[in-house]
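First the structure, in the form of structure tokens, and then the observations on it.
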Amino acid sequence: MSILPSSSGASTGTKQKSNSGPTTFKTFFECWLVEQDQHLQDLVAISQTSTEEQSRCPVQKVLDHYEHYYKAKAEWSKQDVLAILSPSSWTSTFEAAFLWIGGWRPTMAFQLLYSKSGIQLESQLYQLIHGLGKGDLGDLSPSQIVRIDKLQAKTVKEEKNISEKLAKHEGTLADSCMVKLTHM
Numbered sequence: 001m002s003i004l005p006s007s008s009g010a011s012t013g014t015k016q017k018s019n020s021g022p023t024t025f026k027t028f029f030e031c032w033l034v035e036q037d038q039h040l041q042d043l044v045a046i047s048q049t050s051t052e053e054q055s056r057c058p059v060q061k062v063l064d065h066y067e068h069y070y071k072a073k074a075e076w077s078k079q080d081v082l083a084i085l086s087p088s089s090w091t092s093t094f095e096a097a098f099l100w101i102g103g104w105r106p107t108m109a110f111q112l113l114y115s116k117s118g119i120q121l122e123s124q125l126y127q128l129i130h131g132l133g134k135g136d137l138g139d140l141s142p143s144q145i146v147r148i149d150k151l152q153a154k155t156v157k158e159e160k161n162i163s164e165k166l167a168k169h170e171g172t173l174a175d176s177c178m179v180k181l182t183h184m
């Protein structure tokens, strides 16, 4: 399977297939990370000069890029689910130690957001007190913070449900292994 991680494929939702494309998820993931880095650089560049309206398109590109990642991951999992759920096959051992169920915990995004916005807010208290903005995470409006909080609550709930189901399956597996040991 060959799914190219391109902005055009991500934004249209279509998968681009090519003989010269990635032949493993690891190759796809490495290409995807390069493109993710480019999106990050673009966001940093526009954050200095753009309005919220001008930022929407680049932000949407990032969201589409992540959507494409998860769709590609779902497609690759149809070919080899164990490789996708075993991040060590497409990440370093060190990185894999921090991953959760084949990827990073969704709540990690909120921790990063809150950490970054707190640092930026603290560094610009003077500007904030005087009504001046910097156009970064320290300038989140109250309605944006409320929307983030609601999304975080929903994400935490879903992550907890998945963790509980996983623990139940792990317990079932462990129980059956223990029963086998008693028959030896």
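Be aware that the sequence shown starts at 1, since it is given in the UniProt record's numbering, and climbs by one per residue.
Heads up, the beta-carbon is just placed ideally off N, CA and C, and yes, glycines get one too.
- Spatial neighbours of residue 148 in its own chain (CB-CB distance under 8 Å, excluding positions within 5 residues in sequence) are listed in chain order as 110, 113 and 140.
- Shown here for residue 62: same chain residues with a beta carbon closer than 7 Å to its own, the five before and five after excluded, namely 39 and 43 in chain order.
- Contact check for residue 65 against residue 30 fails: the beta carbons are separated by 8 Å or more.
- In the three-state reduction of the DSSP assignment, residue 41 falls in the helix class, which pools H, G and I.
- Counting of Cβ neighbours within 10 angstroms places residue 84 among the buried residues, the total reaching 16 or more.
- Nearest neighbour of residue 89 by Cα position, chosen from 28, 172 and 160, turns out to be 28.
- Bounds of the alpha helix (DSSP H) holding residue 64 are 52-79.
- Going by C-alpha positions, residue 170 is about 50 Å away from residue 49.
- DSSP places residue 113 within a helical segment (H, G or I) once states are collapsed to three.
- DSSP, reduced to helix, strand and coil, places residue 48 outside both helices and strands of the structure shown, so it counts as coil.
- Distance from the CA of residue 105 to the CA of residue 163, rounded to the nearest whole angstrom, comes to 10 Å.
- The beta carbon of residue 77 sits closer than 7 Å to the beta carbons of 84 from its chain, once the five residues preceding and following it are set aside; these are given in chain order.
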